[in-house]
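J.: Residue numbers (UniProt numbering): 1 to 312. Beta carbons: idealized from backbone N, C-alpha and C, even for Gly.
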């Protein structure tokens, strides 16, 4: 498994990405002779959850949450031409929320299903994501049985991801608050001029970085790049909970020069909320990850750990 993590860190070929992700999150067993039976049992368990919970979506205690999920799905660009998949996402998100009463569904959580859905869908049909992040299918779409397998696999994968960042989804989202604070500490040490520039123009990190943490940069970077990014996140032991912080720092530092040219609050916020990444591809992601790895080596792996810096 260590060798698989090492290889996957640098990116995974799309043809093997579905099984590699399932192995890395320990959803599928390494032993290939047991794999089909284990996945079949997991899918059967999920079908049981659908039977148990999904009928409760119209109950007064759950109606508001379910309606919010549906509203968020309607706004998703990736599903704009494939509304038949809305119910797949809705079931995954609703059942996850019902089984995690200490946490709660928050806007943006729906985005986190998308990479898994795209990757697992590609096992059954040819999938493409265009430059506008819209899903394109070629050939025959998956049949009902295949779609049920995709849905179950997405549920278990999302659950594994969210378990690693659960403090992001417990009111008042302390995990996000802590990561935003840590992000500023990194920038102060690496690029003090940028931090001073943001402070001078009254830009608070929470105003732009909250979304980066809540949505794992999914609204900042093209979906095709997010999927490549997640190859690495899945390869890291704490990819989503820890390494993502350094990716966010590297992301902000990449635009340091451009941000310093902005001379007021409005200009800075407009840029921070729409950074020029629309044409990004694997090369840009590779550079971003290399910078993030360097930052992690400086802070997380140094004797004077970042945790100490946060409280200094």
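(1) If we count the other Cβ atoms within 10 Å of its Cβ and call it buried at 16 or more, is residue 171 buried or exposed?
(2) Excluding sequence positions up to five away, which residues of its chain have a Cβ less than 7 Å from the Cβ of residue 133?
(3) Spatial neighbours of residue 90 within its chain, please: CB distance less than 7 Å, with the 5 preceding and 5 following residues excluded, ordered by chain position.
(4) Taking 6 Å as the limit between beta carbons, can you name the residues of its chain near residue 218, skipping five residues before and five after?
(5) How many angstroms separate the CA atom of residue 101 from the CA atom of residue 67?
(6) Go through its chain and collect everything with a Cβ distance to residue 1's Cβ below 7 Å, but skip five positions before and after it.
(7) Roughly how many angstroms separate the alpha carbons of residue 253 and residue 207, rounded to a whole number?
(8) If you reduce the DSSP assignment to three classes, tell me which class residue 194 lands in.
(9) Can residue 314 and residue 49 be called in contact, C-beta distance under 8 Å?
(10) What does DSSP give as the partner residue(s) for residue 126 in the beta ladder?
(11) Please report the distance separating the alpha-carbon of residue 194 from that of residue 177.
(12) Just the Cα atoms here: how many angstroms apart are residue 138 and residue 257?
(13) Confirm, please, whether the CB-CB distance from residue 166 to residue 103 is below 8 Å.
(14) Which class does residue 281 belong to by DSSP, given the choice of helix, strand or coil?
(15) For the alpha helix (DSSP H) containing residue 213, name the first residue and the last one.
(16) Measuring alpha carbon to alpha carbon, tell me which residue in 86, 16 and 130 is nearest residue 279.
(17) Which same chain residues end up closer than 6 Å to residue 233 when comparing Cβ atoms and leaving out the 5 residues on each side of it in sequence?
(18) Pick helix, strand or coil for residue 80, following the three-state DSSP scheme.
(19) Which first and last residues belong to the alpha helix (DSSP H) in which residue 86 is found?
(20) Which residue comes first and which comes last in the alpha helix (DSSP H) that contains residue 114?
(21) Would you call residue 16 buried or exposed, if buried means 16 or more other Cβ atoms sit within 10 Å of its Cβ?
(22) Less than 8 Å between the C-beta atoms of residue 119 and residue 18, yes or no?
(23) Excluding the 5 residues preceding and the 5 following residue 114 in the sequence, name in chain order all residues of the same chain whose CB lies nearer than 6 Å to its CB.
(24) Helix, strand or coil for residue 26? Go by DSSP, reduced to three states.
(25) From residue 297 to residue 87, what does the alpha carbon distance come to, in whole angstroms?
T.: In terms of the structure at hand:
(1) exposed
(2) 77, 78, 222 and 223
(3) 69, 70 and 73
(4) 111 and 226
(5) 17 Å
(6) 30
(7) 17 Å
(8) helix
(9) Since the first residue shown for the chain is 1 and the last is 312, residue 314 is missing from the structure and cannot be characterised.
(10) 138
(11) 20 Å
(12) 41 Å
(13) yes
(14) coil
(15) 205–214
(16) 130
(17) 239 and 240
(18) coil
(19) 86–98
(20) 114–121
(21) exposed
(22) yes
(23) 78
(24) coil
(25) 42 Å
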